[in-house]
Structures are given as structure tokens and as C-alpha cells.
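The opening residue of the sequence shown carries number 5 in this note's numbering; numbering runs sequentially from there. We treat Cβ as the ideally placed atom computed from N, Cα and C, and that holds for glycine. Computed from a prediction, not measured in an experiment: that's the story for all the values here.
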Amino acid sequence: HFELTPSPSLALAQHSLATELAPAITTLLTRAETHLDRLERREQALRAKAELQAGRLGQRSGASGASAAGGRTTPGGKGNGGGGAGEGGKEAKLRMLKQKKERLGYAVERLQLQSQQRQRQLRMSVSYAGQDFQ
């Protein structure tokens with residue numbers, strides 16, 4: 005058995021429910037948006053970190069292969085001629101300079117990534133500050 009209610013009382017009930025729930029819904033939506041923004045920033049940071057580590061691994065494996073190949077050919081070069089000692093010193097110096105160049109490259113790359121991350125953080129803090137005033 006159903007009772008019929010007049011349409012004005014239904015409309016009034018719907019309106020009161022909407023006014024009660026609207027603030028809670030907007031609060032939940034803003035919380036979800038901020039959480040998604042945080043997750044997006046974290047994903048970007050993790051991707052940048054992964055790219056940096058992958059680059060380092062790639063450079064290390066390439067450098068270790070080159071140094072291993074250089075190590076194998078150097079003794080043969082010294083054994084073939086009497087003037088090999090001078091070239092051995094040059095090869096060692098060249099190897100040291102290449103390692104220094106690689107270290108400096110890592111440092112530059114790390115500083116660039118830090119700079120990008122700080123710029124992102126600054127942009128996000130500025131955008132959040134702008135949202136507070138709206």
C-alpha cells in the first residue's frame with residue numbers, strides 16, 4: 005500500500021536534501037582533486053628519477069664495456085713495441101679525463117633535474133596559493 009504525497013512537499017524535500025549534501029560533495033571533490041594532483045606530481049618525480057637512474061645505468065654499462073675493452077687492448081699494445089709506456093700514460097690520463105667528464109655530466113644532469121623539480125614545486129605552491137584566495 006502506497007501513500008501519495010503532494011508534489012510541493014516532494015520538491016521541498018528534494019531541495020532540502022540538495023542543500024544539505026552540496027557542501028559535503030564539494031568538499032569531497034576538492035579533496036579528491038588535491039589528492040590526484042599530489043599523485044600526479046609524485047608520478048612525475050618518480051619518472052624523472054627513473055630516467056636519471058636509467059641514464060646512469062646506461063652510461064655505466066657503456067663506460068665499463070669501453071674500459072674493459074681498453075684494458076684488454078692496452079697490454080697487447082705495450083707488448084708489441086718498446087715505446088708503449090708513453091702511450092700507456094696517455095691512455096690512463098685519457099681514461100681519467102673521461103671518468104671526470106662522466107662525473108661532471110652526472111652532476112649537471114642531477115642539478116637540472118633538481119631545478120626542474122623545484123620549478124614544479126614553485127608552480128604548484130603558487131597555484132595552490134591562488135586557489136586559497138578564490
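Q.
Please state the DSSP three-state secondary structure of T31.
A. helix
*asked:* Between the alpha carbons of G87 and E113, how many angstroms are there, rounded?
replied: Confidence is the limiting factor: at G87 the pLDDT is only 47, short of 50, which leaves the residue's position unreliable and the question unanswerable from this model.
- Query: Is R124 near Q18, with beta carbons less than 8 angstroms apart?
  - Reply: no
Worksheet item: Cα separation between K104 and L56?
Response: Distance between the alpha carbons of K104 and L56 is about 18 angstroms.
For L8, name the three-state secondary structure that DSSP assigns.
coil
(message) Output needed for G59: all residues of its chain with C-beta closer than 8 angstroms, excluding positions within five of it in sequence on either side, in chain order.
(response) E113
**Asked** With a Cβ-Cβ cutoff of 8 angstroms, do A52 and L117 count as a contact?
**Response** yes
### Query
Roughly how many whole angstroms lie between the Cα atoms of E95 and S129?
C-alpha separation (whole angstroms): 51 angstroms.
If I measure Cβ to Cβ from P10 and keep anything under 7 angstroms in the same chain, skipping five residues before and after, which residues do I get? none
Closer than 8 angstroms to chain C by CB, L40: Chain labels in this structure do not include chain C; a single protein chain is all it has.
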